[in-house]
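Participant: Residue numbers (the numbering used here): 338 to 769.
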Ligand SMILES: Cc1cc2nc3c(=O)[nH]c(=O)nc-3n(C[C@H](O)[C@H](O)[C@H](O)COP(=O)(O)OP(=O)(O)OC[C@H]3O[C@@H](n4cnc5c(N)ncnc54)[C@H](O)[C@@H]3O)c2cc1C
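#1: Output the distance between the C-alpha atoms of residue 621 and residue 612, rounded to the nearest integer angstrom.
#2: For ligand 1, any of its heavy atoms closer than 7 Å to the Cβ of residue 633?
#3: Sorted by chain position, which residues of the same chain lie with C-beta nearer than 7 Å to residue 465's C-beta, five sequence neighbours on each side aside?
#4: If you follow the alpha helix (DSSP H) that residue 391 is in, where does it begin and where does it stop?
#5: In chain order, what residues of the same chain lie with their CB nearer than 7 Å to the CB of residue 556, ignoring the 5 residues before and after it?
#6: In chain order, what residues of the same chain lie with their CB nearer than 7 Å to the CB of residue 423, ignoring the 5 residues before and after it?
#7: Measure the Cβ-Cβ separation of residue 683 and residue 719 and say whether it is below 8 Å.
#8: Quick one: using the 10 Å Cβ neighbour count with 16 as the cut-off for buried, is residue 377 buried or exposed?
#9: Going by beta-carbon coordinates alone, are residue 421 and residue 511 separated by less than 8 Å?
#10: Taking DSSP as the reference, what is the three-state secondary structure of residue 588?
#11: Below 8 Å between beta carbons: does that hold for residue 468 and residue 508?
#12: Could you tell me the distance, in whole angstroms, from the CA atom of residue 524 to the CA atom of residue 353?
#13: Take residue 736 and list the residues in its own chain whose beta-carbon comes closer than 8 Å to its own, dropping the five residues that flank it on each side.
#14: In this structure, how does DSSP classify residue 532 when only helix, strand and coil are distinguished?
#15: Three-state secondary structure (DSSP) at residue 495?
#16: Excluding the 5 residues flanking residue 595 on each side, which residues of the same chain have their C-beta closer than 6 Å to its C-beta?
#17: Between 701, 679, 554 and 705, which has its C-alpha nearest residue 503's C-alpha?
#18: Using a Cβ-Cβ cutoff of less than 6 Å, which residues in the same chain neighbour residue 623 once the five nearest sequence positions on both sides are dropped?
#19: For residue 466, verify whether its CB is less than 7 Å away from any heavy atom of ligand 1.
#20: Taking all protein chains shown into account, decide if residue 490 is buried (16 or more other Cβ within 10 angstroms of its Cβ) or exposed.
#21: For a test of your reading of the model: does the CB of residue 560 fall under 7 Å from any non-hydrogen atom of ligand 1? Yes or no.
#22: Just to check, is the beta-carbon of residue 508 closer than 7 Å to a non-hydrogen atom of ligand 1?
#23: On the criterion of 16 or more Cβ atoms from any shown chain inside 10 Å, does residue 753 qualify as buried, or is it exposed?
#24: Would you decide whether residue 699 is buried or exposed? Buried here means 16 or more other CB atoms lie within 10 Å of its CB.
#25: Assign residue 549 to one of two classes, buried (16 or more other C-beta atoms within 10 Å of its C-beta) or exposed (fewer than that).
#26: Under 7 Å Cβ to Cβ from residue 433, same chain only, skipping five residues before and after it: list those, please.
#27: Could you tell me whether any non-hydrogen atom of ligand 1 is closer than 7 Å to the CB of residue 669?
#28: At a cut-off of 7 Å, is residue 401 close to ligand 1 when judged by its beta-carbon and the heavy atoms of the ligand?
#29: Hey, quick one: how far does the beta strand (DSSP E) through residue 474 stretch, first residue to last?
#30: Kindly list the residues whose CB is nearer than 6 Å to the CB of residue 562, restricted to its own chain and excluding five residues on each side of it in sequence; keep chain order.
#31: Rounded C-beta distance between residue 436 and residue 418? I'm assuming under 8 Å.
#32: Please identify the residue among 730, 744, 726 and 734 whose C-alpha is closest to the C-alpha of residue 390.
#33: Name the two residues that bound the continuous alpha helix (DSSP H) containing residue 425.
#34: Could you name the residues of the same chain whose beta carbon sits closer than 7 Å to that of residue 402, not counting the 5 residues immediately before and after it, in chain order?
#35: Go ahead and pull the three-state DSSP assignment for residue 725.
#36: Name the residue from 340, 479, 463 and 425 whose alpha carbon lies nearest to the alpha carbon of residue 755.
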């Protein structure tokens with residue numbers, strides 16, 4: 338029997354020479370020593386929700402699923418210690434009991450804490466940073482089995498590199514996360530003409546704690562989503578309402594349209610108009626993580642770029658125009674984030690607009706994504722490390738002012754390139 342690994346989307350696979358799912362951190366040094374002895378490189382898998390080749394290896398693949406505990410909670414400071422393999426959802430559930438929550442989340446919460454932060458995963462909110470900015474401290478196991486605790490005091494450069502590390506520095510074993518007091522969100526979804534949104538974009542972005550929208554290429558409506566804190570009790574939706582809203586409407590109906598579009602691409606503009614016509618007002622009042630995240634059952638692939646916020650409206654218009662030239666039924670999604678200081682964060686040191694394009698499984702994504710990337714390049718875009726892109730280190734280094742400082746930390750922690758793979762060779766270059 339051969340080892341094999343496949344990502345959530347089903348389109349990134351590898352056959353590692355060895356796979357291991359350690360039961361404890363104490364097992365890791367032996368596994369790393371055997372990789373060294375066998376001349377194998379090492380990668381770590383989180384929940385496999387990256388669309389890029391970030392996880393792939395033919396060496397040793399470590400699965401951290403059993404290192405999934407919340408090990409310490411300080412309610413007063415909001416600092417919590419978790420093992421690297423805990424999922425955002427499991428941590429949210431456990432910490433809610435202690436009155437704590439993540440300040441922000443993306444649109445799913447099944448990723449592991451280490452996997453999500455390693456790629457700079459983000460939600461939306463102009464005054465809120467990517468998830469990795471909440472990492473107060475990162476514990477890293479190096480190739481020789483030694484452990485380092487990285488925070489602003491112990492090793493400021495190591496800490497700023499390890500928060501968005503792409504798994505290039507070593508095995509993240511545990512992190513201390515700055516949480517905030519639990520909160521209730523009111524989430525309002527409403528279709529609004531795209532021209533109205535773009536005409537008054539700053540008011541939408543700054544007038545809400547979390548603002549985002551998605552749209553289809555061939556329609557004039559944007560589905561806006563505003564999440565704001567409210568001093569109201571949770572009003573969890575009934576299971577049937579949940580099932581209809583999240584599973585039937587958002588997933589099964591959309592999947593049926595996508596399948597039809599894949600079979601009959603000429604119908605795509607009409608199908609998009611049909612999809613837009615059933616967008617409707619929706620309101621949810623619930624604990625934060627239930628409003629941020631929802632189930633995603635349709636399998637697709639995705640590209641997402643971080644561009645300077647000031648170019649939001651121009652870039653959105655251009656990407657919408659590009660999308661009309663390709664066969665895709667999937668939406669364009671737009672979000673915002675505040676600057677942070679992790680060396681390789683796509684939002685490093687600039688107010689950021691994230692624009693994502695998607696393609697349904699089994700449909701050609703490359704010409705579409707390349708055409709979008711040409712637009713993002715003109716805006717000095719930085720790709721989401723966990724999503725598809727075609728960049729190389731030569732093109733990317735100018736887009737990250739602290740690129741060389743990350744490379745220096747990488748040389749210090751992984752001088753032999755034990756944690757490298759083909760993706761890192763392409764996007765970061767070899768160690769050294
Ligand atoms: C349906 C869907 C929705 C998504 N929504 C969003 C969104 O709203 N916002 C957003 O920004 N992104 C989003 N993403 C992308 C996703 O958040 C990222 O790709 C994230 O990195 C996936 O986390 P994971 O736990 O699955 O990690 P994986 O994809 O398994 O791994 C990601 C990277 O982390 C490394 N890694 C994982 N664990 C460790 C560890 N312990 N030590 C060292 N390295 C490690 C891996 O080697 C790899 O390089 C979405 C993806 C999907 C499929």
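Ideal placement from N, C-alpha and C gives every residue a C-beta, glycine not left out.
Facilitator: In brief:
#1: Looking up residue 621 in the chain shown gives position 284. Looking up residue 612 in the chain shown gives position 275. Their Cα atoms are separated by approximately 21 Å.
#2: Stepping through the chain shown from its first residue, residue 633 is reached at position 296. Checking every heavy atom of ligand 1 against the Cβ of residue 633, one is found closer than 7 Å.
#3: Residue 465 sits at position 128 when you count from the first residue of the chain shown. Here the set comprises 440, 441, 674 and 675.
#4: To locate residue 391, count along the chain shown from 1; it is residue 54. Unbroken run through residue 391: none, as it is neither H nor E.
#5: Looking up residue 556 in the chain shown gives position 219. Result list for residue 556: 609, 610 and 613, in chain order.
#6: Taking the first residue of the chain shown as 1, we reach residue 423 at position 86. Within the same chain, residue 423 has close Cβ partners 405, 406, 407, 449 and 450.
#7: Numbered from 1 along the chain shown, position 346 holds the residue referred to as residue 683. Numbered from 1 along the chain shown, position 382 holds the residue referred to as residue 719. A contact, by the Cβ cut-off of 8 Å.
#8: Here residue 377 refers to the residue found at position 40 of the chain shown. With 16 or more Cβ atoms within 10 Å of its Cβ, residue 377 is classed as buried.
#9: Counting from 1 along the chain shown, the entry for residue 421 is found at position 84. Counting from 1 along the chain shown, the entry for residue 511 is found at position 174. Yes, Cβ-Cβ distance for residue 421 and residue 511 is below 8 Å.
#10: Position 251 of the chain shown, counted from the start, is the residue given in the question as residue 588. Three-state result, residue 588: helix.
#11: One-based indexing of the chain shown puts residue 468 at position 131. One-based indexing of the chain shown puts residue 508 at position 171. Cβ atoms of residue 468 and residue 508: not closer than 8 Å.
#12: Along the chain shown, read from residue 1 onward, the residue named residue 524 stands at position 187. Along the chain shown, read from residue 1 onward, the residue named residue 353 stands at position 16. Roughly 42 Å between the two C-alpha positions.
#13: Reading the chain shown from its first residue, position 399 is the one you call residue 736. Within the same chain, residue 736 has close Cβ partners 717, 718 and 719.
#14: For the purposes of this step, residue 532 is identified with residue 195 of the chain shown, where counting begins at 1. Looking at residue 532 - three-state DSSP - the assignment turns out to be helix.
#15: Your numbering for residue 495 matches position 158 in the chain shown. If DSSP states are grouped into helix, strand and coil, residue 495 belongs with the helices.
#16: One-based indexing of the chain shown puts residue 595 at position 258. For residue 595, where only same-chain residues beyond five positions count, the Cβ hits under 6 Å are 666 and 697.
#17: Indexing the chain shown from 1 puts residue 503 at position 166. Per the Cα distances, 679.
#18: In the chain shown, residue 623 corresponds to position 286, counting from 1. Taken in chain order, the residues that qualify are 571 and 573.
#19: What you label residue 466 is simply residue 129 of the chain shown in a count that begins at 1. No - ligand 1 has no heavy atom lying nearer than 7 Å to the Cβ of residue 466.
#20: In the chain shown, the residue the question calls residue 490 occupies position 153. The residue is exposed, with fewer than 16 neighbouring Cβ atoms inside 10 Å.
#21: Residue numbering aside, residue 560 sits at position 223 when the chain shown is read from its first letter. It does not: the Cβ of residue 560 is nowhere closer than 7 Å to a heavy atom of ligand 1.
#22: Within the chain shown, the letter at position 171 stands for residue 508. Residue 508 Cβ: within cutoff of ligand 1.
#23: The sequence position of residue 753 within the chain shown is 416, counting from 1. Result: exposed.
#24: By one-based count along the chain shown, residue 699 stands at place 362. By the neighbour-count rule (16 or more Cβ atoms within 10 Å), residue 699 is not buried but exposed.
#25: Walking along the chain shown from the start, residue 549 turns up at place 212. Buried: at least 16 other Cβ atoms inside 10 Å.
#26: Locating residue 433 in the chain shown gives position 96, counting from the first residue. Correct list, in chain order: 519 and 624.
#27: As a first step, residue 669 is located in the chain shown; it is residue number 332 there, counting from the start. No.
#28: Counting from one through the chain shown, the residue named residue 401 turns up at place 64. Yes, Cβ of residue 401 sits closer than 7 Å to a heavy atom of ligand 1.
#29: Taking the chain shown and counting its residues from 1, the one referred to as residue 474 is at position 137. Per DSSP, residue 474 belongs to the beta strand (DSSP E) from 472-478.
#30: Position 225 of the chain shown holds residue 562. Closer than 6 Å at Cβ, skipping near neighbours: 526 and 549.
#31: Looking up residue 436 in the chain shown gives position 99. Looking up residue 418 in the chain shown gives position 81. About 17 Å; that fails the 8 Å criterion.
#32: Residue mapping note: residue 390 aligns to position 53 of the chain shown, counting from 1. Answer by Cα proximity: 726.
#33: Here the question's residue 425 lines up with position 88 in the chain shown. Where residue 425 is concerned, the enclosing alpha helix (DSSP H) stretches over 425-433.
#34: Along the chain shown, read from residue 1 onward, the residue named residue 402 stands at position 65. Cβ neighbours of residue 402 beyond the five flanking positions: 358 and 422.
#35: Position 388 of the chain shown holds residue 725. Coil, per DSSP.
#36: As a working mapping, residue 755 is identified with position 418 in the chain shown. Taking only the C-alpha atoms, the option nearest residue 755 is 479.
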